[in-house]
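Chemist:
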Amino acid sequence: MSFIEEGDKYLIGNYKRFPISFERGEGVYLYDTDGKKYLDFLSGIAVNTLGYNYPPLTEAICEQAKKVLHVSNLFYIQPQINVAKLLVENSCGDKVFFSNSGAEANEAAIKLVRKYFYDKGQKKYEMITFKGGFHGRTLKTLAATAQPKYHEGFEPLPEGFRYAEFNNINSVKENLTPQTAAVMLEIIQGEGGINLADKDFVAELYNLCKEEDILFVVDEVQTGIGRTGKLFAYQHYNIEPDIITSAKGLGSGVPIGATIAKEEVAKSLTPGTHGSTFGGNYLATVAAEVVLNEVLKPDFLQNVRENGNYLVKRLKEFNFKVKGIGLMIGMDLPESINASEVVKKALEKGLILGTAGENTLRFVPPLIITKKEIDEGVEILREILK
Ligand code: PLP
Numbered sequence: 014m015s016f017i018e019e020g021d022k023y024l025i026g027n028y029k030r031f032p033i034s035f036e037r038g039e040g041v042y043l044y045d046t047d048g049k050k051y052l053d054f055l056s057g058i059a060v061n062t063l064g065y066n067y068p069p070l071t072e073a074i075c076e077q078a079k080k081v082l083h084v085s086n087l088f089y090i091q092p093q094i095n096v097a098k099l100l101v102e103n104s105c106g107d108k109v110f111f112s113n114s115g116a117e118a119n120e121a122a123i124k125l126v127r128k129y130f131y132d133k134g135q136k137k138y139e140m141i142t143f144k145g146g147f148h149g150r151t152l153k154t155l156a157a158t159a160q161p162k163y164h165e166g167f168e169p170l171p172e173g174f175r176y177a178e179f180n181n182i183n184s185v186k187e188n189l190t191p192q193t194a195a196v197m198l199e200i201i202q203g204e205g206g207i208n209l210a211d212k213d214f215v216a217e218l219y220n221l222c223k224e225e226d227i228l229f230v231v232d233e234v235q236t237g238i239g240r241t242g243k244l245f246a247y248q249h250y251n252i253e254p255d256i257i258t259s260a261k262g263l264g265s266g267v268p269i270g271a272t273i274a275k276e277e278v279a280k281s282l283t284p285g286t287h288g289s290t291f292g293g294n295y296l297a298t299v300a301a302e303v304v305l306n307e308v309l310k311p312d313f314l315q316n317v318r319e320n321g322n323y324l325v326k327r328l329k330e331f332n333f334k335v336k337g338i339g340l341m342i343g344m345d346l347p348e349s350i351n352a353s354e355v356v357k358k359a360l361e362k363g364l365i366l367g368t369a370g371e372n373t374l375r376f377v378p379p380l381i382i383t384k385k386e387i388d389e390g391v392e393i394l395r396e397i398l399k
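The numbering of the sequence shown is my numbering, which starts it at 14 and goes up by one.
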């Protein structure tokens, strides 16, 4: 039996997979089991911040494996504390809770919002989220995800979410009720098609939250950890969210989630109110510590911004709509060109690309990519789109 047949036999069929299996990676390149080389513009869906086999990360993980991988949160874990300190010192948050994924980081944020108002004796529990957004696949984060296609077959979903139009402050106002506790926003909608939040919209939303005593939650699961050229995407805007969630790029391939909150909000998660067996264990946080230390080096984010601008410039040569910040970029294709078909052809030619939204190509390469590698990818794309 081929590995594909075996996979189909033993794995639940909830993913549509390409008939490719990778064996190893180096920098921004992956090699499949036949030895074919691929340039990676997808990073395991915006995860592999430092690409593949990045020596400081590989070494830190190997060294930690020789010592201890897991002890539970019944004890203090030094790298977990180091990562929390780095996240707090480089954001507007004060305290961190660690989990294992984006959905869990958001789930913790949702619980935190509820507990905060419960502790204040206020019956506020509703959250306003945005059409086209994506927040995860647990039932609560699915309910927060305002895209009906993901809901089908899973109703009734947990209540307490209202969906507003993205970039439309009037739509937010129409959804306000006396129970509104928070808004949750992706600064750039990733899965939804690389849609940027307008500066004016974010400013108005932020002010509205302040006026109405509503918490401002940013889901930075995809946009965070340098992806947009700042540690967090909200830092391009003049706001201080009450809660920031992070995952994907934080471990550069090692599963980790983080929920970062302002002190006043964070204090509601008292002992026993929330937890995770694995969250923030040695393996995950030793990786995240390396990632943050690399991303926070003086030139790293500057390079992301520069190379992001360069990729945008190169993609604009195709004369389609290009959007995004840093290395989180989308290119809208006309109806006549199917984004999924482009992805298939690109794979044949050794380029890994993603799609997003209706018909958008998604470019989220490892943040260590160089201009030369960008050129290489753009030339492959040109062969396909010509
Ligand atoms: N939030 C955003 C913005 C995401 O893009 C994703 C995943 O794509 C999630 C949450 C869910 O993260 P995970 O798949 O790690 O649960």
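C-beta: ideal position from N, C-alpha, C; glycine also.
#1: Quick check on the DSSP output: the alpha helix (DSSP H) that includes Tyr219 runs from which residue to which?
#2: Tell me which same chain residues have a C-beta within less than 6 angstroms of the C-beta of Glu253, skipping the five on either side of it?
#3: Alpha helix (DSSP H) containing Glu313: first to last residue?
#4: Given Val96, which residues of its chain have a CB within under 7 angstroms of its CB, disregarding the five upstream and five downstream residues?
#5: At a cut-off of 7 angstroms, is Lys240 close to the ligand PLP when judged by its beta-carbon and the heavy atoms of the ligand?
#6: Are the Cβ atoms of Gln91 and Phe111 separated by less than 8 angstroms?
#7: For the alpha helix (DSSP H) that Glu361 lies in, which residues bound it at each end?
#8: Can you name the residues that DSSP bridges to Asp345?
#9: Taking 7 angstroms as the cut-off, does the CB of Glu199 come closer than this to any heavy atom belonging to the ligand PLP?
#10: For Met197 versus Ala260, is the C-beta distance shorter than 8 angstroms?
#11: Would you kindly report the start and end of the unbroken alpha helix (DSSP H) that includes Lys128?
#12: Quick one: using the 10 Å Cβ neighbour count with 16 as the cut-off for buried, is Thr383 buried or exposed?
#13: Are the region 208-222 and the region 280-295 in contact at 8 angstroms, needing three or more beta carbon pairs?
#14: Quick test of your reading: Ala177 and Asn188, contact by CB under 8 angstroms. State the CB separation rounded to the nearest angstrom.
#15: How many Å lie between Glu217 and Leu87 at the Cα?
#16: Cβ of Gly203 versus every heavy atom of the ligand PLP: is any distance shorter than 7 angstroms?
#17: By alpha-carbon positions, which one of Ile381, Phe214, Gly370, Ile393 ends up nearest to Ala159?
#18: Does DSSP put Gly40 in a helix, in a strand, or in coil?
#19: Our contact map puts Gly270 next to Glu102 with C-beta atoms below 8 angstroms; I'd like the distance itself, whole angstroms only.
#20: Going by the beta-carbon positions, is the gap between Ser85 and Thr272 smaller than 8 angstroms?
#21: One question on the structure: do Glu199 and Thr154 come within less than 8 angstroms of each other, judged by their Cβ atoms?
#22: Buried or exposed: where does Lys4 fall if 16 or more other Cβ atoms within 10 Å of its Cβ makes it buried?
#23: Excluding the five sequence neighbours on either side, which residues of its own chain have a C-beta within less than 6 angstroms of the C-beta of Asn294, listed in chain order?
#24: With a floor of 4 residues, list each alpha helix (DSSP H) that falls wholly inside the region 246-325, ordered by position along the chain.
Modeler: According to the structure data:
#1: Here the alpha helix (DSSP H) through Tyr219 covers 212-225.
#2: For Glu253, where only same-chain residues beyond five positions count, the Cβ hits under 6 angstroms are Cys105.
#3: According to the sequence displayed, residue 313 carries Phe and not Glu. In the DSSP annotation of this structure, the continuous segment of the alpha helix (DSSP H) that includes Phe313 starts and ends at 313-329.
#4: Contacts found: Thr298, Ala301, Glu302, Leu305.
#5: Residue identity differs from the one stated: residue 240 is Arg in this sequence, not Lys. Checking the Cβ of Arg240 against the ligand PLP gives no.
#6: It is not a contact, given that the beta carbons lie outside the stated cut-off.
#7: Start and end: 352-361.
#8: Bridge partners of Asp345 according to DSSP: Lys334, Thr373.
#9: True, at least one ligand heavy atom lies under 7 angstroms from that Cβ.
#10: Inclusion of Met197 and Ala260 in the CB contact set at 8 angstroms is not warranted, their separation being larger than that value.
#11: From DSSP, the alpha helix (DSSP H) with Lys128 extends over 115-132.
#12: In the assembly as shown, Thr383 is an exposed residue. Its beta-carbon has fewer than 16 other beta-carbons within 10 Å.
#13: Taking 8 angstroms as the limit for Cβ pairs, the verdict is that the region 280-295 does not touch the region 208-222.
#14: Your pair Ala177 and Asn188 checks out as a contact, with CB atoms roughly 5 angstroms apart and the cut at 8 angstroms.
#15: Looking at the two C-alpha atoms, the distance is approximately 42 angstroms.
#16: Gly203 Cβ: within cutoff of the ligand PLP.
#17: Cα-wise, what sits closest to Ala159 is Gly370.
#18: Secondary structure of Gly40 (DSSP, three-state): strand.
#19: In fact, because the Cβ distance is near 19 angstroms, the residues do not count as touching under 8 angstroms.
#20: Not closer than 8 angstroms, so no.
#21: With contacts defined as CB atoms closer than 8 angstroms, Glu199 and Thr154 fail to qualify as a contacting pair.
#22: Given a span of 14 to 399 for the chain in the structure shown, any question on residue 4 remains unanswerable.
#23: His83, listed in sequence order.
#24: DSSP runs (the alpha helix (DSSP H)) wholly in the region 246-325: 276-279, 295-308.
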